[in-house]
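Worksheet: the structure to be examined is printed underneath.
2 protein chains.
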Amino acid sequence: MSEYGITRSGPAFMHDDVNPAVNPILWQDDTLVLLDQRRLPDEVTHVVCRTAAEVEAAIRDMVVRGAPAIGIAAAYGVALAARSWHASGTPDWRDGLAGDIARLRAARPTAVNLMWALDRMSAAIPEGPGDPFPVLAAHARGLHEADLAGNRRMGDFGAALIAPGAGVLTHCNAGALATAGYGTALGVIRSGWRRGVIDAVFATETRPWLQGARLTAFELLADGIDVTLIADGAAAHLMASGRVQWVVTGADRIAANGDTANKIGTYALATLARAHGIRFMVAAPLSTIDRATASGADIPIEHRTADELTHLGGRAVAAPGVHALNPVFDVTPAHLIDALATEKGVVERPDAAAIAALFES
Amino acid sequence: MSEYGITRSGPAFMHDDVNPAVNPILWQDDTLVLLDQRRLPDEVTHVVCRTAAEVEAAIRDMVVRGAPAIGIAAAYGVALAARSWHASGTPDWRDGLAGDIARLRAARPTAVNLMWALDRMSAAIPEGPGDPFPVLAAHARGLHEADLAGNRRMGDFGAALIAPGAGVLTHCNAGALATAGYGTALGVIRSGWRRGVIDAVFATETRPWLQGARLTAFELLADGIDVTLIADGAAAHLMASGRVQWVVTGADRIAANGDTANKIGTYALATLARAHGIRFMVAAPLSTIDRATASGADIPIEHRTADELTHLGGRAVAAPGVHALNPVFDVTPAHLIDALATEKGVVERPDAAAIAALFES
């Protein structure tokens with residue numbers, strides 16, 4: 247991975263109405279350019295990926311994060327892998343490509359959009375001896391464009407549930423930065439803010455990676471949406487104050503029965519919302535629904551290293567020698583979810599039947 | 247306030263069985279020496295207070311924190327104030343002393359032990375023209391000793407509720423560092439660990455001030471008690487895993503009906519514990535019970551500055567310009583509290599009648 251300041255030379259794929267400051271993925275000069283989310287909000291820098299290995303590292307190291315964005319980045323990674331392998335002239339280039347796809351698949355275990363995008367890309371590998379790159383690059387771009395369009399529909403569907411004067415609490419960053427550029431949970435909030443139904447947006451800081459403080463605050467401020475940060479532990483107190491009517495989050499994987507894996511802390515917020523009579527919405531594209539996973543108990547939960555908790559910006563913040571448990575996702579059972587907003591509409595009280603119906607309509 | 251490395255010359259009041267590394271308050275050579283908790287665990291340094299103004303600043307700036315420890319520090323502050331005013335020779339020295347007591351009272355608004363200790367000290371000011379310092383210093387020392395002895399009793403009472411093999415989750419630091427040297431919630435955990443009934447201790451990191459990561463981890467490790475740190479947002483996930491049987495916290499003020507103000511996030515943990523069938527214990531001395539406050543709605547909640555959330559160690563961690571809401575306490579309603587452990591015994595399901603009975607027995 248090399249890094250450079252972004253340039254605008256060459257034909258770039260980025261929708262005109264995506265705020266460039268919060269656009270996580272740029273496909274430019276047949277190269278993948280990722281906004282380095284580890285450095286936000288301090289620095290707006292980009293990481294250039296020209297090989298699948300570079301894309302894999304960018305996903306693993308969280309240069310790009312957020313389930314839909316990971317999927318899109320990986321899709322472009324397949325196109326880059328195909329270009330390299332085909333150019334190598336080796337007769338078994340398809341096996342090499344399959345190996346790269348397997349490595350991309352293993353980069354993060356919980357987000358299912360990664361698996362979904364790689365399945366789509368695998369199915370799109372053209373037959374025959376010709377260069378597969380143009381077809382695959384176009385296919386990845388199609389997924390990229392579809393994600394953005396889907397987010398806008400999802401945002402409007404979700405916002406339609408919100409009564410005027412609402413306070414909305416969100417967690418982590420399910421925003422432009424986590425998707426093609428509009429957001430899932432923050433797409434609902436963007437749509438609701440533009441409609442004038444949302445009066446106040448609250449964001450948890452979301453330890454350990456501080457996606458809320460760093461990313462959600464950054465991208466909402468960039469769009470002129472007022473946002474107030476709270477400590478993760480302050481959510482229940484805020485709910486009891488009556489200032490929140492909806493909690494809206496994204497998802498990393500939704501099981502066939504509606505159980506939803508998302509950033510650690512989501513399950514706590516859903517439980518607390520129910521205890522306070524506050525509604526809880528998950529906003530996610532159909533690509534986040536894993537119909538092959540029956541329930542949340544079957545979703546693998548990624549644990550990351552203790553130093554994400556014990557250190558911050560390279561500086562120790564905890565007592566030396568303490569153990570830490572760092573699960574970075576949790577599972578919210580479907581019965582705590584009042585609404586699932588997707589690009590195909592809203593499912594209230596999602597369950598296995600309602601989710602199956604989404605795929606049939 | 248000046249700072250120095252601690253010395254052991256001169257007669258010091260510190261119980262032999264308090265681990266010096268985690269002793270927050272030392273009365274030495276008629277001077278108050280406070281462990282600087284802002285710098286833990288990086289540095290073990292002390293702040294010397296020779297005047298009431300220095301004590302007031304130390305409380306406000308969180309050199310000393312934790313409701314019982316604040317009360318003890320303030321008590322010594324009254325003795326120091328009396329010495330200064332009496333030595334000044336001014337005829338209205340009692341008015342000056344009353345003014346210093348009023349300033350100490352205003353240093354932190356939520357913890358009621360501060361008010362309780364100042365009331366006790368005010369009542370102990372001797373009549374007559376003689377130097378009030380020896381009497382007041384002895385009285386403060388009495389409060390100091392009584393807190394330690396009370397903590398030990400409370401710890402044993404609370405630990406007796408815990409069945410063998412328990413996992414215990416605690417929040418913030420209600421430990422040696424927050425008291426005279428044994429702890430309220432961590433006193434229960436110390437007693438339970440020594441009895442062998444506690445198998446695992448989990449500590450939330452407790453944003454924004456990271457008392458769990460910095461202080462609870464530090465003092466439990468110093469005592470050889472194994473502790474595992476989690477992000478605040480991971481508590482519900484941990485509870486769902488079945489590894490926690492009790493949540494044990496301290497308190498900053500308990501209303502007459504049992505509603506309990508404590509570190510922000512406590513109310514969330516109590517709500518989550520109830521949702522998971524996990525028992526929730528508050529450990530606090532009677533001096534934390536404010537019989538003049540009818541219910542939690544009447545407890546003032548301190549809000550601290552936004553930079554405690556937006557910055558860490560002087561470094562910005564949030565997007566510049568974001569608003570932040572930083573309530574540092576919340577209120578847990580009595581109906582979520584399964585047990586209140588005090589130095590006079592345990593009250594199960596505390597309510598107004600049971601709490602009133604504590605003061606009559």
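Protein sequence lines, in the order shown, are assigned to chains A and B. Counting in the numbering used here, the first sequence runs from 247 upward without gaps. Counting in the numbering used here, the second sequence runs from 247 upward without gaps. Where is the CB? At the ideal position from N, CA and C, for every residue including glycine.
Quick one: list the residues of chain A neighbouring residue i, beta-carbon separation under 8 Å, in chain order.
i: T452(B); result: G479
i: Y322(B); result: Going along chain A, no residue has its Cβ under 8 Å from Y322(B), so there is no contact; the nearest lies around 27 Å.
i: F526(B); result: Ordered by position in chain A, no residue passes the 8 Å Cβ test against F526(B), which lies about 13 Å from the chain.
i: R460(B); result: V563, A564, A565
i: L555(B); result: E451, A459, L475, I476, A477
i: T517(B); result: A482, T517, L518, A521
Evaluate residue i with the Cβ neighbour count: other Cβ atoms within 10 Å of its Cβ, from every protein chain shown; 16 or more gives buried, anything less gives exposed.
i: A333(B); result: exposed
i: T336(B); result: exposed
i: F448(A); result: buried
i: A603(B); result: exposed
i: D472(A); result: exposed
i: G427(A); result: buried
i: P375(A); result: exposed
i: T551(B); result: exposed
i: T253(A); result: Note on T253(A): pLDDT 35, under 50, position unreliable in the model; the coordinate value appears next. The residue in question, T253(A), is exposed, as its Cβ has fewer than 16 Cβ neighbours within 10 Å.
i: E589(A); result: buried
i: V568(B); result: buried
i: S255(A); result: Note that S255(A) scores 34 on pLDDT, short of 50, meaning its location in the model is unreliable; the coordinates nonetheless yield the value given after this. S255(A) should be labelled exposed.
i: F605(B); result: exposed
i: A486(B); result: buried
i: R525(B); result: buried
i: D199(B); result: Only positions 247 to 607 of chain B appear in the structure, and residue 199(B) is not among them; the question remains open.
i: R561(B); result: exposed
Do residue j and residue i come within 8 Å of each other at the CB atom, strictly closer than that value?
i: L407(B); j: V592(B); result: yes
i: A392(A); j: A357(A); result: no
i: R366(B); j: L360(B); result: no
i: N265(B); j: D469(B); result: yes
i: A565(B); j: L555(B); result: no
i: I583(B); j: T534(B); result: no
i: A304(A); j: V293(A); result: yes
i: A315(B); j: P270(B); result: yes
i: A210(B); j: I318(B); result: Nothing in the structure corresponds to residue 210(B), since chain B is present only between 247 and 607.
i: D478(A); j: T462(A); result: no
i: P531(A); j: G396(A); result: yes
i: G438(A); j: T450(A); result: no
i: L415(B); j: V301(B); result: no
Report back the beta-carbon spacing between residue i and residue j to the nearest angstrom; my notes put them in contact at under 8 Å.
i: L350(A); j: A298(A); result: 6 Å
i: R306(A); j: L326(A); result: Not really, about 16 Å apart at Cβ, beyond 8 Å.
i: N503(B); j: A580(B); result: 6 Å
i: Q274(A); j: L423(A); result: With 8 Å as the limit, Q274(A) and L423(A) do not qualify as a contact, their Cβ atoms being about 18 Å apart.
i: L280(A); j: V310(A); result: 5 Å
i: T474(B); j: A570(A); result: 7 Å
Leaving out five residues before and five after residue i in sequence, what residues of the same chain have Cβ atoms less than 7 Å from its Cβ?
i: T512(A); result: H417, T495, D576, T578
i: D445(B); result: G411, A412, G413
i: R529(B); result: Here the sequence assigns Ala to residue 529(B), which means Arg is not the residue at that position. Excluding positions up to five away in sequence, the list reads M400, G404, A420, T430, A431, G433, V434, V494, G496, A587.
Could you name the residues of the same chain whose beta carbon sits closer than 8 Å to that of residue i, not counting the 5 residues immediately before and after it, in chain order?
i: G611(A); result: There is no way to answer for residue 611(A), as the model of chain A reaches only from 247 to 607.
i: T539(B); result: V358, R499, A501, A502, I545
i: H385(B); result: A321, A325, R366, M367, A370
Going along chain B in order, which residues have a C-beta closer than 9 Å to the C-beta of residue i?
i: T474(A); result: V568, H569, A570, L571
i: G342(A); result: Simply none; closest approach about 39 Å.
So which residues on chain A does residue i lean against when the C-beta distance must stay under 7 Å?
i: H483(B); result: I510, Y513, P573, D576
i: T336(B); result: Per Cβ cutoff of 7 Å: no residues; T336(B) is ~46 Å from chain A at best.
i: A463(B); result: A564, A565, V568
If I measure Cβ to Cβ from residue i and keep anything under 6 Å in the same chain, skipping five residues before and after, which residues do I get?
i: L547(B); result: Here residue 547(B) is Ile; the residue named in the question, Leu, does not match the sequence. Taken in chain order, the residues that qualify are P573, F575.
i: A600(A); result: V593
i: A598(A); result: A502, N503
i: L278(A); result: C295, Y322
i: R537(B); result: A502
i: D197(A); result: This structure gives no information on residue 197(A), because the portion of chain A shown stretches from 247 to 607.
Which residues in chain B have a C-beta closer than 7 Å to the C-beta of residue i? List them in chain order.
i: P270(A); result: In chain order: nothing, as chain B lies at least about 15 Å away.
i: P287(A); result: A565, P566
Closer than 7 Å: is that where the CB of residue i sits relative to any heavy atom of the ligand ATP?
i: A370(B); result: Ligands are entirely absent from the displayed structure, and the ligand ATP is therefore not among its contents.
Can you pull the chain A residues whose beta carbon is under 9 Å from the beta carbon of residue i, in chain order?
i: G470(B); result: Residues of chain A passing the Cβ test: none, with the nearest at roughly 11 Å.
i: G559(B); result: L558, G559, R561, V563
i: L467(B); result: A565, P566, G567, V568
Taking Cβ-Cβ distances shorter than 8 Å, what residues in chain B pair up with residue i?
i: L456(A); result: V563, A564
With 8 Å as the threshold, decide whether the Cβ of residue i is near any Cβ in chain C.
i: A352(B); result: Absence of chain C from the displayed structure is noted, the protein chains being A and B.
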